[in-house]
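**Q**
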Amino acid sequence: MKIFAVGLNYDSHNREMKRVFEASEPVIFMKPDTALLRNGNPFFLPDFSSEIHYETELVLKINRLGKNIAEKFAHRYYDEITVGIDFTARDLQRKQKELGLPWEIAKGFDNSAPVGEFISIKKIPDINNINFRLDINEKTVQQGNSCDLIYSFDKIIAYISRFFTLKIGDLVFTGTPAGIGGVSINDRLEGYIENKKLLDFKIK
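When the sequence shown is numbered by my numbering, its final residue is 220 and no position is left out of the sequence of numbers.
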């Protein structure tokens, strides 16, 4: 099982991070399967970072084998969706970037990819108009809508499949909007698609 993620896929987040994004193709990075955190299990703050940030994202689950998928057929390759968190060790990422080094350790560390309960895409009236949000301690801290994606779900799937064979069970984190921030011990994170809670876990 592979975990793909798309960076810089919301203009609001790019402005928030003071980035000028003019790339003509999606920005893709990966997390190992050991990054996956499921079933509401707690996230334990690691000892190698003092600046762990949440990035709330819509996450697709791949349902069939695919390679070099045409964009017009990409919708056939995912049938479930949820809310996930791309945890980022921001201090490590900043340090690695300043040194011109890869920053996998800031994105792909153990349990850095919590995901909620998956639901059928068929339950979504319009996948190009999905409201999602993250609440921390019952206060909404981040919200977005799939209509604001720079690269749509289908464009992402088609692009990834040019380089990687997609397999059943692979996950695709599709990008985060503005509103990222830090987490602390005892925080409770709850993620929603529309008003349905799909993600619920605590920080330890």
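Heads up, the beta-carbon is just placed ideally off N, CA and C, and yes, glycines get one too. From a predicted model like this one, the values you see are computed outputs, not experimental measurements.
Grab the span of the alpha helix (DSSP H) containing D107 for me, first residue to last.
**A** 106-114
**Q** From I172 to L165, what does the alpha carbon distance come to, in whole angstroms?
**A** So the alpha carbons of these two residues sit roughly 10 Å apart.
**Q** Alpha carbon to alpha carbon, how far is G185 from V43?
**A** 21 Å
**Q** So, using beta-carbon positions, are F103 and P141 closer together than 9 Å?
**A** no
**Q** How about S162 and F179: are their beta carbons less than 9 Å apart?
**A** no
**Q** Looking at the structure shown, is S162 part of a helix, part of a strand, or coil, going by DSSP?
**A** The answer is helix: DSSP assigns S162 an H, G or I state.
**Q** By how many angstroms is the C-alpha of H91 removed from the C-alpha of K213?
**A** Straight-line Cα distance between these residues: approximately 24 Å.
**Q** Does the stretch 92-111 come within contact of the stretch 61-81, defined as at least 3 CB pairs closer than 8 Å?
**A** Verdict: yes, contact present.
**Q** Looking only at C-alpha atoms, which of R204, F45, K111, N153 sits nearest to Y175?
**A** F45
**Q** By DSSP, does Y167 sit in helix, in strand, or in coil?
**A** coil
**Q** Would E73 pass as a contact of I146 if the rule is Cβ separation under 9 Å?
**A** no
**Q** Between which residues of its own chain and S177 is the CB-CB distance below 7 Å, once the five residues before and five after are set aside?
**A** G82, K83, N84, I85
**Q** Are A21 and F189 touching if we call contact CB-CB under 9 Å?
**A** yes
**Q** DSSP three-state call for F45: helix, strand or coil?
**A** Reduced to three states, the DSSP call for F45 is strand.
**Q** Let me know if I196 comes out buried or exposed under the rule of 16 or more other beta-carbons within 10 Å of its beta-carbon.
**A** I196 is classed as buried because its beta carbon has at least 16 other beta carbons within 10 Å across all chains shown.
**Q** Give me, in chain order, the residues of the same chain whose beta-carbon lies closer than 6 Å to that of K220; leave out the 5 immediate sequence neighbours on both sides.
**A** P58, F60
**Q** Mark D151 as exposed unless 16 or more other C-beta atoms lie within 10 angstroms of its C-beta, in which case mark it buried.
**A** buried
**Q** Taking the alpha-carbon positions, what's the N144 to Y167 distance?
**A** 11 Å
**Q** Does the distance from the CB of F125 to the CB of A194 come in under 9 Å?
**A** no
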